[in-house]
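> Sequential numbering of the sequence shown, starting at 43, is according to the numbering used here.
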Amino acid sequence: MEKKSPKIGDIVEVEIIGMQDYGAFVKFYLDNSSNKEKIEQKGLIHISEIQSGYVKSIHDIAKIGQKVMAQIIDIDEYNGKISLSIRSLEKNPQVHHIYRKKHFTDSRDKIGFKTLANYLPGWIEENEAYLKAKKMPKVRIFFE
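(1) Measuring alpha carbon to alpha carbon, tell me which residue in Glu82, Ile81, Gly107, Ser94 is nearest Ser127.
(2) Please state whether DSSP places Ile100 in a helix, a strand or coil.
(3) Between Ile58 and Asp116, which are expected to be in contact by the criterion C-beta below 8 Å, what is the C-beta distance as a whole number of angstroms?
(4) If you count every other CB in all the chains shown that lies within 10 Å of the CB of Glu91, and 16 or more means buried, which is it?
(5) Assign Ala159 to one of two classes, buried (16 or more other C-beta atoms within 10 Å of its C-beta) or exposed (fewer than that).
(6) Using a 10 Å radius around the Cβ and a threshold of 16 neighbouring Cβ atoms, would you call Ala175 buried or exposed?
(7) Taking Cβ to Cβ, would you say Gln83 is nearer than 8 Å to Leu72?
(8) When the Cα atoms are used, what is the spatial distance from Trp165 to Ala171?
(9) Would Gln113 be called buried (16 or more neighbouring beta carbons within 10 Å of its own) or exposed?
(10) One question on the structure: do Gly60 and Ile106 come within less than 8 Å of each other, judged by their Cβ atoms?
(11) For Ser127, which of helix, strand or coil comes out of DSSP?
(12) Is the Cβ-Cβ distance between Ser125 and Leu86 less than 8 Å?
(13) Does DSSP put Gly65 in a helix, in a strand, or in coil?
(14) In this structure, what does DSSP give as the bridge partners for Ile53?
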């Protein structure tokens, strides 16, 4: 009996059979190539894979008995657990409004990293004045 095994990337129709705060348990069917039977598989859609953006409660989005299309995103090779995603099939996923910026390149805000070379002569003078006041020997710094 040769059965089709699920593969990462497969898109399947799933039915939600259970709900927890962390995700939805689903079942889906794969075709058995030898006798045209359907083989039941079970998996989990984690709350972070339900939809893009923040999901406060999975119960507001999905209901038991609901049928949706999902993509297989992971199969644990040791225990055979299948992870699925609805989010990966979204045509227009939500884009986060907060983008990380490299602040050190933003000269308008006058924030971030600046070159230290401009300040080095002043620091050396300040250090030499301090050492002289404390009557300590002068230290020479050489740069290559």
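Cβ coordinates follow ideal geometry from the N, Cα and C atoms, glycine included.
On the basis of the data shown:
(1) Ser94
(2) helix
(3) Incorrect: roughly 18 Å between the Cβ atoms, too far for contact.
(4) buried
(5) exposed
(6) exposed
(7) yes
(8) 10 Å
(9) buried
(10) Closer than 8 Å, so yes.
(11) Of the three classes helix, strand and coil, the one that applies to Ser127 here is strand, per DSSP.
(12) yes
(13) strand
(14) Gln113
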